[in-house]
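J.:
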Amino acid sequence: MRERPVDLGWMRVFVEATRQGSLTAAANVLNMSQPAISYHIRRAEEEVGVALFERVHRGVELTPAGRQLFEIARRAVGDIDDAVRGFHAERDRGTIRLLTDYAFSALWLMPRMHAVRQLHPELDIQIVATQRFQQTRLGENEIAVVFGAKSDVKADAVLLVPEVVTPVCTPAFAERNGPFDDPSSLARSTLIHLDSPSQAPWFEWTTYLSHFGAKREAQAGHVDLTFNTYSLVVQAALTGQGIAIGWEGLVDASMSSGVLRAVGRTLEAKGRGYWLVAPDQPGRHVEWLAKWLVSEAKDNGWCAGV
199 MRERPVDLGW MRVFVEATRQ GSLTAAANVL NMSQPAISYH IRRAEEEVGV
249 ALFERVHRGV ELTPAGRQLF EIARRAVGDI DDAVRGFHAE RDRGTIRLLT
299 DYAFSALWLM PRMHAVRQLH PELDIQIVAT QRFQQTRLGE NEIAVVFGAK
349 SDVKADAVLL VPEVVTPVCT PAFAERNGPF DDPSSLARST LIHLDSPSQA
399 PWFEWTTYLS HFGAKREAQA GHVDLTFNTY SLVVQAALTG QGIAIGWEGL
449 VDASMSSGVL RAVGRTLEAK GRGYWLVAPD QPGRHVEWLA KWLVSEAKDN
499 GWCAGV
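Heads up: take any position in the sequence shown, counting from 1, add 198, and you land on our numbering.
1. Please list, in chain order, all residues of the same chain as Pro248 whose beta carbon is under 6 Å from its beta carbon, the five residues on each side excluded.
2. What does the alpha-carbon distance come out to for the pair Leu267 and Pro233?
3. If you follow the alpha helix (DSSP H) that Thr293 is part of, which residue opens it and which one closes it?
4. By how many angstroms is the C-alpha of Arg470 removed from the C-alpha of Ala488?
5. Using 8 Å as the threshold, is the region 344-359 in touch with the region 430-437, meaning 3 or more CB pairs across them?
6. Can you tell me whether Asp322 is helix, strand or coil according to DSSP?
7. How long is the line joining the alpha carbons of Arg272 and Val213, rounded to whole angstroms?
8. Would you list, in sequence order, the uninterrupted alpha helix (DSSP H) runs of no fewer than 4 residues that lie entirely inside the region 356-403?
9. What does the Cβ neighbour count give for Pro365, buried or exposed, with the cut at 16 atoms within 10 Å?
10. With DSSP run on the structure shown, which of helix, strand or coil describes Lys348?
11. Between which residues of its own chain and Val227 is the CB-CB distance below 6 Å, once the five residues before and five after are set aside?
12. Any idea what DSSP makes of Arg470, helix, strand or coil?
13. Can you name, in chain order, every residue of its own chain whose Cβ lies under 6 Å from the Cβ of Leu336, other than the five neighbours on each side?
14. Let me know the secondary structure DSSP gives Trp306 once reduced to three states.
15. Is Pro381 buried or exposed, if buried means 16 or more other CB atoms sit within 10 Å of its CB?
16. Where does Leu491 sit, in a helix, a strand or coil, going by DSSP?
17. Measuring alpha carbon to alpha carbon, tell me which residue in Met453, Ala304, Ala242 is nearest Gly207.
18. Where does Gly499 sit, in a helix, a strand or coil, going by DSSP?
19. Please state if the CB of Gly292 and the CB of His483 are separated by a distance shorter than 8 Å.
20. Suppose you measure from the CA of Arg310 to the CA of Leu260; what does that come to, to the nearest Å?
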């Protein structure tokens, strides 16, 4: 014969009455009436088949059986409360999807993510790195940082980091292969390229050199390098393999530390760079992150704000 399962609805009342030492005090804590507390205790004693409390002056005390049951009930109630708090925390945890390209995510965002976590440890920021961002409608918990011109983004997008470029290389490479007094001297050196479509929407070596009227001629002993991501371009420059076009905002840390140095003239594209694109109706977490990104860019002198 199968035994009837034990009804545990009285367990929290039993634990609280024990902690308070009074049915009236337990009723106040649990926001219940004193008769309701008494009913649950009576049901508990009927359920387990033994007396759990002894009535004393102005309160109750546990019987030996009650003390044995209390330790079990206290742990069970505590475990349930911990689990429920975890469920609530997971439900209330803010999740943001930040869409951007590989270079910005690796060289601009990642060094700053520790600061974001310190400010808002409850936020779960999922960085989605892609080179094929589509101007689709963003959800309320999504935000994007995309490279392009003003005409490529929404009217309310904020220019976070404008495109300002300077040729860079290691001091050792400059000593061995320099001096690089003018763009023509750069054209005669080993250049590191970012692989791009037929007409790149950013400065590349061809457009940089042509802007200054410098021509690239084949030079014996100079073999250029080409990579399909800007992070690899920077890594190649850091290891002294040639001269790369350094984007302001992406190579600043390497230049500040002296690992890379400028070896050419700076060139800026008006109205082009990394744009902050927010959804039409952003959630409160996205609003905070957007303000933080703008503030961080303004503090470094890149963004003029809105």
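Cβ atoms here follow ideal geometry from the backbone N, Cα and C, with glycine treated the same way.
T.: Walking through what the data contain:
1. On the sequence shown, residue 248 is found 50 positions in, with the first residue counted as 1. Checking the displayed sequence, the identity of residue 248 turns out to be Val instead of Pro. Excluding sequence neighbours, Val248 sits near Ala263.
2. Stepping through the sequence shown from its first residue, residue 267 is reached at position 69. Stepping through the sequence shown from its first residue, residue 233 is reached at position 35. Their backbone Cα atoms lie some 22 Å apart in a straight line.
3. Position 95 of the sequence shown, counted from the start, is the residue given in the question as residue 293. Where Thr293 is concerned, there is no enclosing alpha helix (DSSP H), although the beta strand (DSSP E) it sits in stretches over 292-298.
4. Here residue 488 corresponds to residue number 290 of the sequence shown, with the count starting at 1. Here residue 470 corresponds to residue number 272 of the sequence shown, with the count starting at 1. C-alpha separation (whole angstroms): 19 Å.
5. no
6. If you number the sequence shown from 1, residue 322 lands on position 124. Residue state, collapsed to three classes: strand.
7. Residue mapping note: residue 272 aligns to position 74 of the sequence shown, counting from 1. Residue mapping note: residue 213 aligns to position 15 of the sequence shown, counting from 1. Spanning the two alpha carbons is a distance of roughly 6 Å.
8. 369-375, 381-385
9. By one-based count along the sequence shown, residue 365 stands at place 167. Looking at its Cβ environment, which holds 16 or more other Cβ atoms inside 10 Å, Pro365 is buried.
10. Reading the sequence shown from its first residue, position 150 is the one you call residue 348. Lys348: helix per DSSP, three-state reduction.
11. Against the sequence shown, residue 227 aligns to sequence position 29. So the list reads Glu214, once near-sequence residues are dropped.
12. Here residue 470 corresponds to residue number 272 of the sequence shown, with the count starting at 1. Strand at Arg470.
13. Counted from its first residue, the sequence shown places residue 336 at position 138. Closer than 6 Å at the Cβ level, and outside the excluded window around Leu336, lie Pro477.
14. Here residue 306 refers to the residue found at position 108 of the sequence shown. Looking at Trp306 - three-state DSSP - the assignment turns out to be helix.
15. Stepping through the sequence shown from its first residue, residue 381 is reached at position 183. By the 10 Å Cβ count, Pro381 comes out buried.
16. Stepping through the sequence shown from its first residue, residue 491 is reached at position 293. The answer is helix: DSSP assigns Leu491 an H, G or I state.
17. Counted from its first residue, the sequence shown places residue 207 at position 9. Comparing Cα positions, the closest option is Ala242.
18. Here residue 499 is taken as the residue at index 301 of the sequence shown, counted from 1. Correct three-state label for Gly499: coil.
19. Counting from 1 along the sequence shown, the entry for residue 483 is found at position 285. Counting from 1 along the sequence shown, the entry for residue 292 is found at position 94. Result yes, Cβ atoms of His483 and Gly292 sit closer than 8 Å.
20. Start at 1 with the first residue of the sequence shown, and residue 310 comes out as number 112. Start at 1 with the first residue of the sequence shown, and residue 260 comes out as number 62. In a straight line, the C-alpha of Arg310 is about 56 Å away from that of Leu260.
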